[in-house]
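Residue numbers (mature numbering (1 follows the signal peptide of the UniProt record, and there is no 0)): -20 to -1, 1 to 517.
Heads up, the beta-carbon is just placed ideally off N, CA and C, and yes, glycines get one too.
Below is one structure, written out as structure tokens, with a few remarks after it.
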């Protein structure tokens, strides 16, 4: 038989490869259907419900990482709910992401080390020891930790579903990267075990936690804060019924009991408090979401009190920011901002007040729930709330305590299943918490060096840019809608990134939750379409 002409031979090989690819895609689609993850905000009980299972890199065929046609970095970046927050380390200039479903800690590091102003950042991974990442019947390998804090050159991950605190020796990981400069992924289990340890939770009468139920062992703590002398981390109970204390001297954990089962904060409630904020009085405050009272943890004496009565299951406030000695909590379902004065020497009854919201004359948005769920300090010293389901920006004047709205962002999007538009929800928020340095990292937005706030999108398809410069350096009035713009054209993915981090070179990085790329935003100091260079890594 004579040989086929070259063009026909190429077509023949292409047909074979295409058939193989289609079979692979069909198999992958079937697997994705089997492992699909329902991640919905349940409006009946106002809680975040996450069900079923998803696939992490440890659940996949690990040999695929060694395949010549697979990029290991982008393989690890695939999947859903990979990382939930993180922390910026000023000592090494790195951003670290906290593993949720992922089997790796992610690190964004400057190519030439800290201090260089023009460095690009590279992506590094540290695999969790297999005993941690291996799938478990109780699903504790999913949503393992939520939020991170760096102290004593150690990255701590706050337990969500997992039964211990994550502790990553950052100095040891840096040494490994220096000794293996050609590698971006730690490749041996022994090194992972030397760098990573788990601080077990306390046991009480043989149980991990007092109310030993599935619900209480999921979404246990939501947010945390260091005390002022940086000797302990205090974790805020969401579904847990106790405060978790992490002692940084002994590297051990203990529980602090909440004083009483009152009607304002029954400990059986889910989603009780969101966010841990350190006040000027060395107390850590938990912002009431479903709980009816503010949680106050006095870190001087490890005592706990409950302040105020706002009704349970109201889903009033969602995280907050400390400014001028007071904590300002963002209204989710509440119609006012909650202000908590953290000055030393006040009685509990003197600390709380609510600030009514005065909407701009053009702000006719009727959204009443999940309005603003995160925020940032502005260059003018005021606090700005990022719109989640709302369509305007919240502005809290920390000098006058006047709360107003301004600007307008798209309230609806086309759902692509019909010609109709649907309300756009969860646009920018990322579960607002107070962290070590609000200028470096907030879940709602990041104050950049140019005086603008850049909000990393959750479901929105662009980056929200807010001019927060004082009026005397701009001709635009403080409440002018021209101060607000949306830049970029980003993927149509829900819950794209978790948190934004300002690094030494002035860039902002977003840690991927469901997106398969790291977000990089480089402000240019210009306006309009040239306001920033947006890149997906």
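The C-beta distance from residue 252 to residue 270 rounds to 6 Å, short enough to fall under 8 Å. For residue 228, the closest alpha carbon among the candidates 275, 291, 130 and 298 is that of 130. In the three-state scheme derived from DSSP, where H, G and I count as helix and E and B as strand, residue 338 is classed as strand.
Comparing alpha carbon positions, the residue from 155, 302, 144 and 320 closest to residue 233 is 144. Beta-carbon to beta-carbon, residue 480 and residue 426 are separated by about 4 Å, close enough to satisfy the 8 Å threshold.
In the DSSP annotation of this structure, the continuous segment of the beta strand (DSSP E) that includes residue 222 starts and ends at 222 to 227. In the structure shown, residue 171 adopts helical secondary structure according to DSSP, grouped into three states. In the pairwise beta carbon analysis, the region 341 to 348 is classified as not touching the region 283 to 302: fewer than three pairs are separated by under 8 Å. Pairwise C-beta distances place the region 72 to 90 in contact with the region 103 to 118, as three or more of them are shorter than 8 Å. Around the C-beta of residue 330, fewer than 16 other C-beta atoms lie within 10 Å, and the residue is accordingly described as exposed.
When C-alpha distances from residue 246 are compared across 258, 275, 255 and 262, the shortest belongs to 275. Taking all protein chains shown into account, residue 67 has 16 or more neighbouring C-beta atoms within 10 Å of its C-beta and is therefore buried. The beta carbon of residue 137 sits closer than 6 Å to those of 78, 125, 128 and 146, all from its chain and outside the five residues before and after it, given in chain order. In this structure, the straight-line span from the alpha carbon of residue 93 to that of residue 73 is close to 7 Å.
In the assembly as shown, residue 317 is a buried residue. Its beta-carbon has 16 or more other beta-carbons within 10 Å. Shown here, residue 485 sits in coil according to DSSP, grouped into three states, outside any helix or strand. In the DSSP assignment, residue 158 falls within the alpha helix (DSSP H) that extends over 150 to 159.
When DSSP states are grouped into helix, strand and coil, residue 455 belongs to the coil group. Residue 507 sits exposed, since fewer than 16 C-beta atoms from the chains shown fall within 10 Å of its C-beta. In the three-state DSSP reduction, residue 110 falls in the helix class (H, G or I). For residue 141, the closest of 121, 255 and 135 by C-alpha to C-alpha distance is 121. Leaving aside the five residues that flank residue 513 on each side, the residues in its chain whose CB is nearer than 6 Å to its CB run, in chain order, 502.
In this structure, residue 493 lies away from residue 515, with their beta-carbon atoms at least 9 Å apart. By a beta-carbon distance limit of 8 Å, residue 217 does not contact residue 226. Their separation comes to about 14 Å.
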